[in-house]
Amino acid sequence: MIEIKNLTKKFGKLVVLDGLDLDIKSGGIFAVLGPNGSGKTTLIKSILGMVIPNSGEITIDNISVLKQWEYRNEINYLPQIANFPANLTVVELIEMVKNLRPKKSNENELITLFGLTPFLNQKLGNLSGGTKQKVNIILTFMFDSNLIILDEPTNGLDPVALIHLKEIIKQEKEKGKTLIITTHIMGLVEEIADEIVFLLDGKIYFRGSVADLKNQTNQTNIEHAIAHLLTKENV
Ligand code: ADP
Ligand code: MG
9 MIEIKNLTKK FGKLVVLDGL DLDIKSGGIF AVLGPNGSGK TTLIKSILGM
59 VIPNSGEITI DNISVLKQWE YRNEINYLPQ IANFPANLTV VELIEMVKNL
109 RPKKSNENEL ITLFGLTPFL NQKLGNLSGG TKQKVNIILT FMFDSNLIIL
159 DEPTNGLDPV ALIHLKEIIK QEKEKGKTLI ITTHIMGLVE EIADEIVFLL
209 DGKIYFRGSV ADLKNQTNQT NIEHAIAHLL TKENV
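This note's numbering puts the first residue of the sequence shown at 9, with every later residue one more than the last.
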């Protein structure tokens with residue numbers, strides 16, 4: 009479905025993505041892992057056309073994304089940092105996004121699930137980080153799209169909200185959707201990811217399943233497996 013060929017992105021002298029090749033097949037959960045600053049968000053934004061690569065090509069269903077925008081109608085995207093307008097209320101923002109995106113939406117179900125009803129008329133600028141993240145999640149999942157891209161969706165969530173998020177992610181997978189997710193929560197990766205890639209220094213250091221990663225590093229714990237991957241590659 010998504011094919012990335014020789015993707016390079018530099019910010020000034022900093023090479024963030026260094027000739028990356030990656031293909032992501034339709035259906036299932038694909039986790040992009042790597043330390044802070046390893047280029048996960050840059051990779052996601054390149055797929056979305058929000059970052060323009062220096063070189064390389066990205067195609068979705070064999071169509072290049074460069075200078076295109078219609079394809080984004082079929083993507084639900086949860087940004088790592090959601091800069092919501094501070095003076096709007098939650099319900100005003102939801103209505104605004106619905107007006108911008110004329111697709112069927114199921115926000116009411118999600119508002120109930122995440123307990124956001126008491127916050128609907130509060131201004132976004134007054135919400136706690138976790139509550140803002142719940143709004144971010146609702147805006148992402150209220151539409152039906154085949155590709156769902158989640159950039160650190162667990163940020164600031166309480167344990168109950170995390171359980172609901174996991175349920176939704178699994179439900180979307182059951183429907184045959186493709187999900188790309190970045191997270192530092194290894195328990196989540198272990199629970200939901202079908203495949204992982206580990207980014208470091210602009211390159212892919214590992215690609216495979218969690219079981220492959222454990223086998224390759226001879227570790228039973230995923231955090232240790234990743235630590236092992238890092239030390240091994242640094243020698
Ligand atoms: P990650 O999501 O893996 O934490 P990012 O993709 O956000 O990493 O960032 C990778 C590197 O690129 C970081 O060093 C970051 O500071 C830099 N970077 C990201 N966006 C920009 C930008 N717009 N201008 C300059 N540097 C950037
Ligand atoms: Mg990031």
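All C-beta atoms in this analysis are idealised placements derived from N, C-alpha and C, irrespective of residue type, glycine included.
Leaving out five residues on either side along the sequence, give the residues of the same chain with a beta carbon under 8 Å from the beta carbon of E199.
Hits under 8 Å: K174.
For A94, count the other beta carbons within 10 Å of its own beta carbon; 16 or more makes it buried, fewer makes it exposed. Which is it?
By the neighbour-count rule (16 or more Cβ atoms within 10 Å), A94 is not buried but exposed.
DSSP on T20, reduced to helix/strand/coil?
Residue identity differs from the one stated: residue 20 is Gly in this sequence, not Thr. Of the three classes helix, strand and coil, the one that applies to G20 here is coil, per DSSP.
Out of N84, H236, L207, L238, which has the shortest C-alpha to C-alpha gap to D26?
Comparing Cα positions, the closest option is L207.
Based on the DSSP secondary-structure assignment, which residues constitute the bridge partners of S217?
Paired residues: none, contrary to the question.
Quick check on K17: buried or exposed, where buried means 16 or more other Cβ atoms within 10 Å of its Cβ?
Label assigned to K17: buried.
The ligand MG heavy atoms versus the CB of K48: any closer than 6 Å?
The answer is yes for K48.
Who are the near neighbours of H236 in its chain, counting only those whose CB is closer than 8 Å to its CB and skipping five residues on each side?
These residues qualify, in order along the chain: T225, N226, Q227.
Taking N129 as the reference, give the member of L118, T97, L196 with the closest Cα.
Measuring from the Cα of N129, the nearest candidate turns out to be T97.
Assign S54 to buried or exposed, taking buried as 16 or more other Cβ atoms, counted over all protein chains shown, within 10 Å of its Cβ.
With 16 or more Cβ atoms within 10 Å of its Cβ, S54 is classed as buried.
In this structure, does DSSP put A94 in helix, strand or coil?
Looking at A94 - three-state DSSP - the assignment turns out to be coil, as it is neither helix nor strand.
Please name the residue or residues paired with I71 in a DSSP beta bridge.
Partner(s): I68.
What do you reckon, are the CB atoms on L41 and I177 nearer than 7 Å?
Taking 7 Å as the Cβ cut-off, L41 and I177 do not qualify as a contacting pair.
Report the option in T139, E117, N116, L121 whose CA atom is closest to the CA atom of F5.
Residue numbering for the chain in the displayed model covers 9 to 243; residue 5 lies beyond these limits and cannot be assessed.
Cα separation between G35 and G47?
Cα-Cα distance, rounded: 23 Å.
Please report the distance separating the alpha-carbon of L196 from that of N91.
Cα to Cα, the separation comes out at about 25 Å.
Per DSSP, what kind of secondary structure is E180 in: helix, strand or coil?
Helix, per DSSP.
Have a look at A219 and H192 and give me their C-alpha separation to the nearest angstrom.
Using only the alpha carbons, I get a separation of about 18 Å.
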